[in-house]
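Right, one structure below, let's go through it.
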Amino acid sequence: MERLISLAARPAVGIRALNAIRTAGIPRCRIPARGFASQTPLRQQTTPASPRNLKWDGKNTSTMYYTISIIIGTLAVAYGSVPMYKMICQQTGWNGQPVSTHLTNTDTGSRVTPVTDSRRLRITFNASVSDVLPWKFTPQQREVRVLPGETALAFYTASNKGDQDIIGVATYSVTPAQVSPYFSKIQCFCFEEQRLNAGETVDMPVFFFIDPDFAKDPAMRGIDTITLSYTFFKARYDKDGILRPTP
Numbered sequence: 001m002e003r004l005i006s007l008a009a010r011p012a013v014g015i016r017a018l019n020a021i022r023t024a025g026i027p028r029c030r031i032p033a034r035g036f037a038s039q040t041p042l043r044q045q046t047t048p049a050s051p052r053n054l055k056w057d058g059k060n061t062s063t064m065y066y067t068i069s070i071i072i073g074t075l076a077v078a079y080g081s082v083p084m085y086k087m088i089c090q091q092t093g094w095n096g097q098p099v100s101t102h103l104t105n106t107d108t109g110s111r112v113t114p115v116t117d118s119r120r121l122r123i124t125f126n127a128s129v130s131d132v133l134p135w136k137f138t139p140q141q142r143e144v145r146v147l148p149g150e151t152a153l154a155f156y157t158a159s160n161k162g163d164q165d166i167i168g169v170a171t172y173s174v175t176p177a178q179v180s181p182y183f184s185k186i187q188c189f190c191f192e193e194q195r196l197n198a199g200e201t202v203d204m205p206v207f208f209f210i211d212p213d214f215a216k217d218p219a220m221r222g223i224d225t226i227t228l229s230y231t232f233f234k235a236r237y238d239k240d241g242i243l244r245p246t247p
């Protein structure tokens, strides 16, 4: 019986001990629940830009401006290259381009004196059109024979075989190319708008002469035949109002 009384009294001892701990102020351990993250928000850290990063940003900006400048410059050169090329070729006879004569009647008269003691030159004519241009373009004569300093008149014929009005523009060249500085055109239809209505046929004249200095140039002694070639391209006006061939 005494043993049973002793066992029954033990819970009271445990309760008294627990109350004593609380009274003494001893902190209890708080165990966080597993599987739950802390509710305290994390502070986002911001790294200030270093001088090296600022330096690279400046380089990238400079590179972008440099690239844009190159693109703009390239477009400007491409825009002006066609008129410039045409002007240089016509003034110098470079790349097989005959020299366009922009002289007064007096100056032209002084240059068109035939060199009677020179051999006659055989001038042949060639014509072609681009694949996208539905025109028929042919020379009316196969050849003419002229003296240096003697004027000659030749004709080409162009016919629009399409069912729409079309604008064409012609380019030309002379072979052999070294003769070009001596091949002078007084009148020509090249580099100008040629508008043909559907089914229309027109004749186009070429008035030219071989400069008398041709007979004095030792490099021209072996040349007896000169070919004048024209090629017609379909053309249109761009947004700036400039007539340009269509490939």
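Positions 1 to 247 (this note's numbering) are the ones given, in order, by the sequence shown.
Backbone N, C-alpha and C fix where the C-beta goes; we use that ideal spot for every residue, glycine too.
With contact defined as three or more Cβ pairs closer than 8 Å, the stretch 193-207 and the stretch 157-170 are in contact. V169 and S118 have their alpha carbons spaced roughly 36 Å apart. CA-CA distance, I223 to F191, rounds to 28 Å. Taking 9 Å as the cut-off, the beta carbon of G149 is found no closer than this to the beta carbon of V179. Its chain contains V112, F209 as the residues whose beta carbon lies nearer than 6 Å to that of T151, once the 5 sequence neighbours on both sides are disregarded; these appear in chain order. Secondary structure note for I123: its beta strand (DSSP E) is the uninterrupted segment 121-129. The three-state secondary structure of V179, taken from DSSP, is helix. DSSP lists F207 as the beta-bridge partner residues of Q187. Within a 10 Å sphere around the beta-carbon of L121 sit 16 or more other beta-carbons, which makes this residue buried. Around the C-beta of Y172, 16 or more other C-beta atoms lie within 10 Å, and the residue is accordingly described as buried. The C-alpha of P181 lies about 30 Å from the C-alpha of D131.
Residue pairing for L243: DSSP places it in a beta bridge opposite Y237.
Taken through DSSP and simplified to helix, strand or coil, S159 comes out as strand. For Q140, the CB contacts under 8 Å within the same chain, skipping 5 residues up- and downstream, are A154, F155, Y156, T157, D203 in chain order. Rounded to whole angstroms, the gap between the alpha carbons of G241 and I167 is 14 Å.
Its Cα nearest to that of S229, the residue F125 stands out among P218, L196, F125.
Here V206 is not near Q194, since their CB atoms are 9 Å or more apart.
Distance from the Cα of W135 is smallest, within the candidate group S110, I123, A198, for A198. Taking V115 as reference, the option from D163, L147, L243 with the minimal CA-CA separation is L147. Scanning D211, T231, T108 for the CA closest to the CA of S128 turns up T231.
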